[in-house]
Amino acid sequence: MLWLIIIVFSAIMTGLLNYFWLVSIPFIILEFIGFMLLGVILYVLFACLCAAIIGHKEKNKNVVNPPKILSYITLWACQFITNVLRVKVIIKGKEKFDINKRYLLVSNHKSLLDPVFFIKGFSKMHFTFLMKQELMIWTHQNVILVWYSRIMLFSLTYREGLKTILTTIEAAKVRNVAAFPEGTRSKTNELLEFRDGIFKVAQKAKCDVAVCSISNTNKIKSRFPFRRTKGVIELC
């Protein structure tokens, strides 16, 4: 959907710019590419603006159920990132999900972009991911992530562990929540020790636990941009 909107925007702007005079085909192609980049930038600014406005409105509140519009903006962004990185997300066992139930999804962790692939792969489930506190520190590199995560994601803090669990329990009562119980990425094929706090959420919220395994996403860096990567998510 996002790609379609950007392509239509680029085609319209290129057509309008060249309506009154004829220019060379290569120049038109460059114009089209330029408008596509402009479309991406405008989309990012729009997403950040929505998150910033709602974030200011909900400041110092625990947002349990984010507005639907932000869920769709997030989904489109994840689809866009997946396409740019040339990642094909392969889902195995997707039919085991009941769309009418709430789930706590737990999985191993291979890449920083794993949440992106889960959101793209399970687009109809609208999962909200838990994040650890370190990722929420304001820096020039992740200012967009922090802005947006104030609404779309929950910050998993270790200093206020009980508060985080209680907030997540309330969220799991009304929507799907996902987390990586290892707490960080595993650089080998071995599972790290689980942090048991997340499983208390499923117990108190009375939601089903969906156990997934993800593989191959840690190979994106070595394969991009010349080779396509197949990220496999299997619902166990």
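Everything in the sequence shown is counted per numbering that gives the first Met the number 0, starting at 0 for the first residue and increasing by one.
Virtual Cβ for every residue (Gly too), placed ideally from N, Cα, C.
Every value quoted in this text rests on a predicted model; they were computed, and no experiment measured them.
| Check | Outcome |
| --- | --- |
| Inter-residue spacing [alpha-carbon to alpha-carbon] between Pro25 and Cys206 | 56 Å |
| Residues near Ile253 in its chain [Cβ-Cβ closer than 6 Å; skip 5 each side] | It is not possible to answer for residue 253, since the shown part of the chain is limited to 0 through 235. |
| Selected residue, minimal CA-CA separation from Thr198, among Asn188, Ala209, Leu190 and Leu191 | The question names Thr, yet the displayed sequence has Phe at residue 198. Of the listed residues, the one whose Cα sits closest to Phe198 is Ala209. |
| Run of the alpha helix (DSSP H) containing Thr73, from where it starts to where it stops | Lys67 to Val83 |
| The stretch 66 to 73 / the stretch 216 to 224 touching (three or more Cβ pairs under 8 Å) | no |
| At least three beta-carbon pairs within less than 8 Å, the stretch 77 to 86 to the stretch 175 to 190 | no |
| Enclosing beta strand (DSSP E) for Ser214 [first to last residue] | Asp207 to Ser214 |
| Alpha-carbon spacing of Leu37 relative to Val43, whole angstroms | 10 Å |
| Secondary structure of Ile90, DSSP reduced to three states | strand |
| Burial state of Phe128, where buried means 16 or more other Cβ atoms lie within 10 Å | buried |
| Helix, strand or coil at Ala173 [DSSP, three-state] | Note on identity: in this sequence residue 173 is Val, with Ala being the wrong assignment. Correct three-state label for Val173: coil. |
| Environment of Leu111 [buried if 16+ CB atoms lie within 10 Å] | exposed |
| Buried versus exposed, by CB contacts within 10 Å (16 or more), Phe193 | exposed |
| Alpha helix (DSSP H) segment containing Gly196, residue limits | Gly196 to Ala204 |
| Helix, strand or coil at Lys162 according to DSSP, with G and I counted as helix | helix |
| Residue environment, Val173, which counts as buried when at least 16 other CB atoms sit within 10 Å | exposed |
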